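Read the structure below first, then the notes.
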Amino acid sequence: MASSSRATNALDEANVGEAADRNLQPFSSLLKIPFAEHRVSKVCDNHGDKWARQSFRAFKEAVLGINLVIRGMISDGKILLKSCRGHFIDLGEGDRFDRLLQEAGLPFDIDSIATDRGPLSGIQTLQFTEEEYHALYNSQISLMDLIRRKETGQLSSSGSEFLGNKFTRDFPENEINVLVLTASNLLHREPNCIHVDPRADQTVTIVGDIHGQLHDAIFLLQAAGFPSESRIFVFNGDYVDRGSCGLETFLLLLAWKTKHNIFVAFCLTHVFILIFLVCLPNSAFLLRGNHESKYCTSVYGFKNELFTKYVDDGSQIYQLVLKCFQHLPLASVVAGCVYTAHGGLFRGTMTMPQKKHKGARKCTANSSIVSSTLKLGSLEELSKARRNVLDPPWKGSNLIPGDILWSDPSVEMGLSLNEARGGLGLLWGPDMIEKFMLENNLKLKLNVRSHEGPDARDLHIDLSGMNNGFTIDHQVNSGKLITVFSAPDYPQFQASEERYNNLGAYLVLRAPDFATPMFCCFESVKPRPEAPAYYDYKEVMDSDEELDYSAMDRD
Numbered sequence: 024m025a026s027s028s029r030a031t032n033a034l035d036e037a038n039v040g041e042a043a044d045r046n047l048q049p050f051s052s053l054l055k056i057p058f059a060e061h062r063v064s065k066v067c068d069n070h071g072d073k074w075a076r077q078s079f080r081a082f083k084e085a086v087l088g089i090n091l092v093i094r095g096m097i098s099d100g101k102i103l104l105k106s107c108r109g110h111f112i113d114l115g116e117g118d119r120f121d122r123l124l125q126e127a128g129l130p131f132d133i134d135s136i137a138t139d140r141g142p143l144s145g146i147q148t149l150q151f152t153e154e155e156y157h158a159l160y161n162s163q164i165s166l167m168d169l170i171r172r173k174e175t176g177q178l179s180s181s182g183s184e185f186l187g188n189k190f191t192r193d194f195p196e197n198e199i200n201v202l203v204l205t206a207s208n209l210l211h212r213e214p215n216c217i218h219v220d221p222r223a224d225q226t227v228t229i230v231g232d233i234h235g236q237l238h239d240a241i242f243l244l245q246a247a248g249f250p251s252e253s254r255i256f257v258f259n260g261d262y263v264d265r266g267s268c269g270l271e272t273f274l275l276l277l278a279w280k281t282k283h284n285i286f287v288a289f290c291l292t293h294v295f296i297l298i299f300l301v302c303l304p305n306s307a308f309l310l311r312g313n314h315e316s317k318y319c320t321s322v323y324g325f326k327n328e329l330f331t332k333y334v335d336d337g338s339q340i341y342q343l344v345l346k347c348f349q350h351l352p353l354a355s356v357v358a359g360c361v362y363t364a365h366g367g368l369f370r371g372t373m374t375m376p377q378k379k380h381k382g383a384r385k386c387t388a389n390s391s392i393v394s395s396t397l398k399l400g401s402l403e404e405l406s407k408a409r410r411n412v413l414d415p416p417w418k419g420s421n422l423i424p425g426d427i428l429w430s431d432p433s434v435e436m437g438l439s440l441n442e443a444r445g446g447l448g449l450l451w452g453p454d455m456i457e458k459f460m461l462e463n464n465l466k467l468k469l470n471v472r473s474h475e476g477p478d479a480r481d482l483h484i485d486l487s488g489m490n491n492g493f494t495i496d497h498q499v500n501s502g503k504l505i506t507v508f509s510a511p512d513y514p515q516f517q518a519s520e521e522r523y524n525n526l527g528a529y530l531v532l533r534a535p536d537f538a539t540p541m542f543c544c545f546e547s548v549k550p551r552p553e554a555p556a557y558y559d560y561k562e563v564m565d566s567d568e569e570l571d572y573s574a575m576d577r578d
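One point on numbering: in the numbering used here, the residue at position 118 of the sequence shown is 141, and numbering is uninterrupted.
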């Protein structure tokens, strides 16, 4: 054990922090600071203690493997555990490895696991500066630690630990900057319409509006299972506004979004979380909702939330998040047969006939100029739309983003302007769903949207209510239109004493027929957590109807 002592001394000199549990020293301190390897390397180089550096790396990779298996993130856990156990034995901690397996309830015979010391395949190291790594790590561990505490029952039933300035004190501005910028770079490279092609052994979970109800979002993730190699998520927009934790909700999803580079693993048997780098396909896709805009966030509380939680840095963070909103894709096609978008369908563009002067360009204008000329848009037209706008235009030639985010279904046939929303977006009938599915993809069988909660459906009496978190709005020969809403007991703040008490819902798609969803409904976290409202919910109407959309041009 002399070599183990050398490792401990080197780590002490590296100042990696006190262990939370002295029985776990020095391991808990290593796990709490993944970037400690960088510091340890410097100390070991100075002291010529190459063994300590190698032992630290081996131990970290071993714990990485255990977390992978515990969370069910790999298919052949036994092979990986063989290598992990060998690393632990090399460190004189074979007994600890065996106890971890027993406590985690892993279905493996410990005695049958060999002590192979082969490399842990699939692990890759990304290049970050020390400052970037610390910021990225800390921003995710703050969120994920709250999830782990809820998993293990260490949170109060009200979930109040998630809310308000107490939570955000764990989120310095530089940590938010790195996380949001990292996610923005990923989102920017994605097309307007993402094509998600799950394998036969993967499921796809579609989540509707969340609206800053972090406590309910975390419950949803617990119930559905966290994003993983075998579980893909498509989030359908409206992450912020109305609820009191829009920032935390959005950052949580961004942390998952970056997971194809930065993956979060939980060790359920201890009080630490290890974040590590692995090579996995994308497991979380975030689409844009109408509330991911400058105008809506100015009306429904998200802007004020940031300015309240970050008195000095609120403006800078707000601008950073607004830029991230602009990079969010607009739609997705899952398994070639399921189309998802926040609002739904959109109009096409048309070339307006006009007198041409010599050398003049052909003028392309949107068909909204005269409502009778409206025509249904195509996925090809969607791919060419300009989504990088603060507020989706409500006039001009770039109306596809606004349509996708603001449109609603109707029982009336055809396309028409959505006058109930001030002419922003469209109303479309069941014939348009049939036409869209037939003209864009012969395999399309299901259209999934969100955008309407119980308050909005109160104003659309021709459609079913949203009490169960989902509705089947249209059934046509080619398939169905479903609206899914994932914020239960919505909105979080209601002026009337009689609350909606609606359920939230999400959809699960799986092989062999991804177009036949499983509906999963859930109640809100009770009692509702105490939290401040960041907008005047008694004065501002619950739904998005009759807003002054022309104010977008003035902002």
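All C-beta atoms in this analysis are idealised placements derived from N, C-alpha and C, irrespective of residue type, glycine included.
The structure displayed is predicted, hence computed values, not measured ones.
query                                                                                                                        : result
Residues bridged to residue 470 [DSSP beta-bridge criterion]                                                                 : 362, 504
Reference residue 538, options 504, 528, 442, 550, closest by Cα                                                             : 504
Distance, residue 221 Cα to residue 562 Cα                                                                                   : 45 Å
Sequence-distant residues of its chain with Cβ nearer than 6 Å to residue 279 (five each side left out)                      : 250, 307
Three-state secondary structure (DSSP) of residue 322                                                                        : helix
Span of the beta strand (DSSP E), counted from its first residue to its last, around residue 530                             : 527 to 533
C-beta contact flag for residue 206 and residue 281 at 8 Å                                                                   : yes
Sequence-distant residues of its chain with Cβ nearer than 8 Å to residue 313 (five each side left out)                      : 260, 261, 319, 365, 366, 415, 428, 429, 474, 567
Exposed unless 16 or more other CB atoms sit within 10 angstroms - verdict on residue 296                                    : Unreliable placement is indicated for residue 296, whose pLDDT of 28 sits below 50; the coordinate value is still reported in the next sentence. Classification for residue 296: buried.
Residue from 217, 408, 435, 329 whose Cα sits closest to the Cα of residue 341                                               : 329
Pair within 8 Å by beta-carbon distance, residue 324 and residue 265                                                         : yes
Every unbroken alpha helix (DSSP H) inside the stretch 192 to 239 [4 residues or more]                                       : 196 to 211
Residue 539 in three-state terms, based on DSSP                                                                              : coil
Separation of residue 492 from residue 560, as counted between CA atoms                                                      : 22 Å
Sufficient close CB pairs (3 or more, under 8 Å) joining the stretch 430 to 438 to the stretch 478 to 492                    : yes
Sequence ranges, alpha helix (DSSP H) only - wholly within the stretch 384 to 464, length at least 4                         : 402 to 407, 423 to 429, 453 to 463
Those residues which DSSP pairs with residue 270 across a bridge                                                             : Residue 270 is not bridged to any residue.
Start-to-end residues for the beta strand (DSSP E) that takes in residue 554                                                 : Neither: residue 554 is in no beta strand (DSSP E) and is coded neither H nor E.
C-beta atoms of residue 508 and residue 231 nearer than 8 Å                                                                  : yes
With 16 other Cβ atoms within 10 Å as the buried cut-off, status of residue 425                                              : buried
Pairwise C-alpha distance: residue 396 and residue 497                                                                       : 24 Å
Per-residue burial, residue 79 [other beta carbons within 10 Å of its own, 16 or more giving buried]                         : Any reading at residue 79 must be qualified, since the residue scores a pLDDT of 48, below 50, and its modelled position is unreliable; the value itself is stated next. Looking at its Cβ environment, which holds 16 or more other Cβ atoms inside 10 Å, residue 79 is buried.
Proximal residues to residue 411 (C-beta, below 6 Å), its chain only, five neighbours per side dropped                       : 349
CB contact flag (residue 512, residue 523, <8 Å)                                                                             : yes
Residues of its chain near residue 558, where Cβ-Cβ distance is below 6 Å and the 5 sequence neighbours each way are ignored : 323, 324
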